[in-house]
Amino acid sequence: MWLGGVEISGLDDRRLTAVRRDHVGFVFQAFNLLPTLTARENILLPLDLAGRRVDPAQFDDVVGSLRLGDRLGHLPSQLSGGQQQRVAIARALITRPQVLFADEPTGALDSRAGTDLLHHLRTASRELGQTIVMVTHDPNAAAFAQRALILSDGRVVDDLNGPTADTVLGAMKKLGA
Amino acid sequence: MLRQVLREIRFHPARFVATLVAIAISVAFMAGSSVLVATEQNGVERQQSLPIAGADVVLTAEYGTDPATLRDALGSTPGVAAFEPSLVRQLSLRQGAVTSLMNLIGVPSAPLRWSEVQQGRWPQAVGEIALTRGAAAALGVGLGGQVTSGLGDGVYTVVGLTAEPSSLFLQTGYVAPAEFARLGVDPSVGEGTWLVRAAGEVTVEQLTTGLRAALAGQPGVTVESAHAIRAEAVRQLAGEFDVFRNLLWAFAAIAAVVGMITIANTFTILLAQRRRQIGLLRAVGASGAQVRRRFLAEAVALGVLGSAAGIGVGIGIATAGAALTGSLYWGVELPALDLVVAFVTGVAITVLAAYLPVLRGTRVRPLEALQPEPASDERRRAGAARGAVCGVLVVAGLALALGWLGSEQALPLAVAGSALMALGVLFGSVLFVPAVLRGLAAVVGWFGVTARLAGQNAVRNPRRAAATATALMLAVGLIVTLQVGTATVSGTVLAEIDRTRPVDLAVGSWEVTAPLPDGLADRLVAAPGVAGGVLLPVAQADFTRGADTYQGLTVIGFVPGVTIVASGAPSALADDQVLVTENSADASDGERVTLAGRDATVELTVVRSTLVQAGEVMVSGATLERLGGVTPGALLWMSVPDRDDAATAAGAVTELVDTDRYYVTGAVLEAAAIESVLGVLLIVTTALLGVAVLIALLGVSNTLGLSVLERTRESALMRALGLQARSLRLMLLLEALLLAGVGVAVGVAAGVFFGWLGAAAIAAPMGVATVTLSVDLAQTVGMVIVAVLAAALASVLPGRRAAKASPTQALADI
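As they're listed, the protein sequences go chains E and V.
For what it's worth, our numbering labels the leading residue of the first sequence as 1, then goes sequentially.
For what it's worth, our numbering labels the leading residue of the second sequence as 178, then goes sequentially.
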């Protein structure tokens, strides 16, 4: 398996860790912020771990596009679910990963915060030119993507370009039949 | 319910290991010391009654009893098969550097004998000795070897080895009855104990009655059966051994308190982790009381398991100890009551320690407990009330301890004050430990992101961190208190000895005016550790001051060389002056006194000095000549400049001197004696308190281990974000060091203060003005290093577990 010009199949744990740190971003369903760190520290954590310096312009870009500017000094427990998830996305974007994996990013949010977040994801993808791979059960969330692969029992069963909520729902309905 | 509880322990053994070990150690301490003391006591009892082991009836005769009358009465009473006085004396014997306390027994005649010679023969002449195998092994001698009596006044050749064993406190040796005459006991004098053997046809009771009748006219003689005497001896010994056992239990209690903190902390963390389980139980209809009972039942089960293991381990260790001392020969004594008390205490402290955390942890609303993330960390602010109470405790303790320093009651008040302060510090730890940790965390934060994360993790649960550090604080504080107290007392006393006795070592004749043997002075000055010496002339004179006359005082002639051995000595002494010891209030400076020697009587002016001791005065060389009867070179003063060489020098000098005719005194001897006693005391107490430190460190490992379990997802997240496995381990290591660092630092600081306070409280009523705070760096720093290393070690297992978290776990549902 290759990622960003590196073969990752045979790597040892140390180098694999470095690959995760430098080339991959993760956003999880449960926000997975470190409770002891402020929003800013959470966002900068991957860079800190890599020992890299922050590019202030890029930090402002990411934070600005996610509208987190006024929440940076807060601890996760002082943020709403949507804000926490945006911090998680900012953390994933800050390293300019080759790919960002998002696992049900709206799963733990109410529908308004969820939609809001998906808009943010799409903005980030367009403005920052970021590849995002998102897993979801929600046809509305899938509709935000440029391309949707429908999986059933571990196999790709459909491939939709420029999906809408209706086409995704249609494809899903076919699964039941 | 019991089955559920046991299953809980079986399914999650890792959660409970530390608790179980902490309980087991505390209980093993109690059980082990009881069993060992009881076993040793039994050994000593059996051994002490050895001298009457071959007798059926024992006579005790007071001083002044006529031996002839006794012999007549014994010889004419029917049923007496054999009789003789029992010869026993306790004496310390030395071989090389080893000294051992001996019950020295005159070999009884064959009918009254209880022991067999296994190798060699019984001693028959003066200077021969038979030893038990244990005693011979302890002294490191074999058949044909030689031992010296502790006072150096007798040399014995080992001619036989006997079979019966020894104990930790007492060894047995046999000498010929004639030896006792040399030791100052006349075997023919009637006083003491007489052993009587009954002939086959009479019972012990008949013989006792018969002898009582025969000796009715002798008021100072009592007749008892040997059995009754043994029972009485046992009763008396029991008291002494109880003191010893109680002392050990005091140390066990300290270990138990530290254990309780660890147990309470474990339960706090366990309950925090099982919030969801509690919520689930509550949601399906369990009442709060039912949930509490369930967790308390877990505590009972843990207490029972831990205590049972502790009893087993304690008995095992005590048996091993008894095997080392030789008492095991007499069998292991299991004091049932003590063991029950130890077991019940183990269970009780577990339940007691678990009670508050259980009460707090189960007070959860069902829905709150089912929420995915705990609603809040235990970031609750500890109450201002606690701060006020602890502040009052510390201030009151300080006032109590310092206010009366120097008075007669200084020591009890200092102890009470220290106890109050310690309570204040320990209970207030929730208030200041997190703050100190945050400070430390900020400092280590400079070393990079791993260190920063470690620092933040360490203060994340202030209560937990405080409790963990408190246990260590208590244990380390006690040890450092003893270390600093001992170092300060010994430093102060040594300084006092140096001040009052400038002469390090002095060798002279018991007969005062006899010269030292040829060449001895040269050999003594060449002894290791001795830097120089000066020979002084001595005469005897009567000293008259006012109406009082002191006869036969030792008059030492001044020689300029005394400055070599006593730095504070005057470089000259006028002919009309006499140096009188400063340590007596008998004479004051400038007073006129007369010295009457063999040839002349002179009038002199008193100058007080520490150079001479009680019973000695010093005059100029010319004055000494006038007094007459001078023996040149009768006294040798030596200098031992390096205190580290004190013991070597004292030993070497004592070895060279025939102590029957010459004495050895001096500051070095006193210092060496004090240092060795305090040193042994400190080693023993440090070892005993070390158990408490061990439990506290177990607590550090436990806190980390449980936090790691709790943070599995977080560890996985960090790994997903690119934290290397070894960085994760490093993070745990730093957390352990931070926690241990705070505990050790506060413990050391408090210990230094309490140690100084104790030493000052002891010294002040004794009239010692200045107490110099001394810290034995090797001991104290050594202990700190060991504690920190152990804390680092404590982080290894939790660190490995944390690093095992796979990044995918972060993706898994909660």
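Beta carbons: idealized from backbone N, C-alpha and C, even for Gly.
Proximity below 8 Å, CB of residue i to CB of residue j
i: residue 372(V); j: residue 226(V); result: no
i: residue 520(V); j: residue 868(V); result: no
i: residue 17(E); j: residue 901(V); result: yes
i: residue 783(V); j: residue 768(V); result: yes
i: residue 523(V); j: residue 928(V); result: no
i: residue 877(V); j: residue 938(V); result: no
i: residue 253(V); j: residue 393(V); result: no
i: residue 39(E); j: residue 68(E); result: yes
i: residue 495(V); j: residue 212(V); result: yes
i: residue 770(V); j: residue 736(V); result: no
i: residue 54(E); j: residue 90(E); result: no
i: residue 690(V); j: residue 717(V); result: yes
i: residue 591(V); j: residue 935(V); result: yes
i: residue 222(V); j: residue 411(V); result: yes
i: residue 731(V); j: residue 792(V); result: yes
i: residue 351(V); j: residue 304(V); result: no
i: residue 618(V); j: residue 915(V); result: yes
i: residue 743(V); j: residue 788(V); result: yes
i: residue 734(V); j: residue 798(V); result: yes
Neighbour flag for residue i against chain A, beta carbons, 8 Å
i: residue 979(V); result: This model lacks chain A altogether, as its protein chains are E and V.
Residues of its chain near residue i, where Cβ-Cβ distance is below 6 Å and the 5 sequence neighbours each way are ignored
i: residue 583(V); result: 941
i: residue 134(E); result: 102
i: residue 818(V); result: 708
i: residue 401(V); result: 235
i: residue 923(V); result: 650
i: residue 824(V); result: 849
i: residue 790(V); result: 758
Cβ of residue i within 8 Å of any chain V Cβ
i: residue 72(E); result: no
i: residue 136(E); result: no
i: residue 171(E); result: no
i: residue 90(E); result: no
i: residue 50(E); result: yes
Reference residue i, options the options, closest by Cα
i: residue 702(V); options: 957(V), 815(V), 839(V) and 683(V); result: 815(V)
i: residue 542(V); options: 745(V), 347(V) and 459(V); result: 459(V)
i: residue 884(V); options: 871(V), 257(V), 565(V) and 913(V); result: 913(V)
i: residue 644(V); options: 219(V), 434(V) and 289(V); result: 434(V)
i: residue 949(V); options: 962(V), 222(V), 909(V) and 669(V); result: 669(V)
i: residue 776(V); options: 692(V), 793(V), 807(V) and 795(V); result: 807(V)
i: residue 338(V); options: 351(V), 296(V) and 376(V); result: 296(V)
i: residue 21(E); options: 672(V), 753(V), 898(V) and 445(V); result: 898(V)
i: residue 248(V); options: 260(V), 237(V) and 240(V); result: 260(V)
i: residue 127(V); options: 321(V), 403(V), 534(V) and 282(V); result: Absent from the model: residue 127(V). The displayed extent of chain V is 178 to 991, so no value can be given.
i: residue 517(V); options: 487(V), 662(V), 533(V) and 508(V); result: 487(V)
i: residue 604(V); options: 570(V), 756(V) and 662(V); result: 570(V)
i: residue 48(E); options: 207(V), 302(V) and 625(V); result: 625(V)
Same chain, Cβ closer than 8 Å to residue i, five either side skipped, listed in chain order
i: residue 539(V); result: 448, 455, 465, 468, 469 and 472
i: residue 705(V); result: 822, 825, 826 and 829
i: residue 647(V); result: 438, 603, 606, 610 and 920
Cβ of residue i within 8 Å of any chain E Cβ
i: residue 906(V); result: no
i: residue 637(V); result: yes
i: residue 184(V); result: no
i: residue 554(V); result: Low per-residue confidence applies at residue 554(V): pLDDT is 45, beneath 50, and the placement is therefore not dependable, though the value from the model is reported in the following sentence. At least one chain E Cβ lies under 8 Å of residue 554(V).
i: residue 456(V); result: no
i: residue 976(V); result: no
Contacting residues, own chain, Cβ-Cβ under 7 Å from residue i (five flanking each side not counted)
i: residue 573(V); result: 597
i: residue 622(V); result: 628, 629 and 632
Task: Residues, ordered as in the chain, of the stretch 872-896 of chain V that lie near chain E by beta-carbon distance below 8 Å - done: Hits within the stretch, in order: 890, 891, 894, 895 and 896.
- [ ] Taking only beta carbons into account, state which residues of the stretch 611-635 of chain V come closer than 7 Å to chain E, listed in chain order.
- [x] Only 626, 633 and 634 from the stretch 611-635 of chain V bring a Cβ to less than 7 Å from some Cβ of chain E.
Task: Residues from the stretch 25-48 of chain E in contact with chain V, defined by Cβ distance under 8 Å - done: Cβ contacts with chain V: 26, 28, 29, 30, 32, 34, 35, 36, 37, 45, 46 and 48.
Task: Residues within the stretch 902-929 of chain V neighbouring chain E, beta-carbon criterion of under 9 Å - done: Going along the stretch 902-929 of chain V in chain order, one finds 902, 903 and 904 with a Cβ nearer than 9 Å to chain E.
Task: Members of the stretch 2-22 of chain E that neighbour chain V once the beta carbon cut-off is set at 8 Å - done: From the stretch 2-22 of chain E, only 13, 14, 17, 18, 20, 21 and 22 have a Cβ closer than 8 Å to chain V.
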